[in-house]
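Here's the structure we're looking at; comments come further down.
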Amino acid sequence: MKPTSKKKKNQKPFWERAYQGHAYWLGKTKLGKVTLVGRNHYKWEAAGKVGDTEQLDAAKRAVELAIAMRDKQLDLFESPK
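When the sequence shown is numbered by this note's numbering, its final residue is 89 and no position is left out of the sequence of numbers.
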């Protein structure tokens, strides 16, 4: 019998429902969140950016876009390697 080897899988970020909002996780790291501020009014924050919108889907897309931009943008004060 062959021993089974565990491959390290690429983790995908996922949305988790929370009380009056949603959180965007990658493993055990919270990447961003969307909270319900009022009726049909959502506030989102991720990667040092914040915003608000009237639709949950738009707020989730904004969080995902902020995370994607953070991964592609170079840090301003960090020297290149």
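C-beta atoms are modelled at their ideal positions from N, C-alpha and C, and glycine is treated no differently.
For this session: In angstroms with no decimal places, state the Cα-to-Cα distance between TRP33 and ASN18.
Result: In the sequence shown, counting from the first residue as 1, residue 33 sits at position 25. In the sequence shown, counting from the first residue as 1, residue 18 sits at position 10. About 14 Å.
Exercise. Nearest to GLY56 by CA position, among HIS30, LEU39, PRO21, ALA31, is which residue?
Worked result: Working through the sequence shown from its first residue, we reach residue 56 at position 48. Out of HIS30, LEU39, PRO21, ALA31, LEU39 has the C-alpha closest to the C-alpha of GLY56.
For this session: With a cut-off of 8 Å on the beta carbons, I'd call GLY59 and ALA70 a contact; round off their distance for me.
Result: Position 51 of the sequence shown, counted from the first residue, corresponds to residue 59. Position 62 of the sequence shown, counted from the first residue, corresponds to residue 70. The Cβ separation is near 6 Å, so the contact holds.
For this session: Would you mind reading off the limits of the beta strand (DSSP E) that contains ALA54?
Result: Start at 1 with the first residue of the sequence shown, and residue 54 comes out as number 46. Taken as a continuous stretch (DSSP letters only), the beta strand (DSSP E) holding ALA54 covers 49-54.
For this session: Specify the secondary structure class of LYS57 as computed by DSSP and reduced to three states.
Result: On the sequence shown, residue 57 is found 49 positions in, with the first residue counted as 1. Note: LYS57 maps to strand in three-state DSSP.
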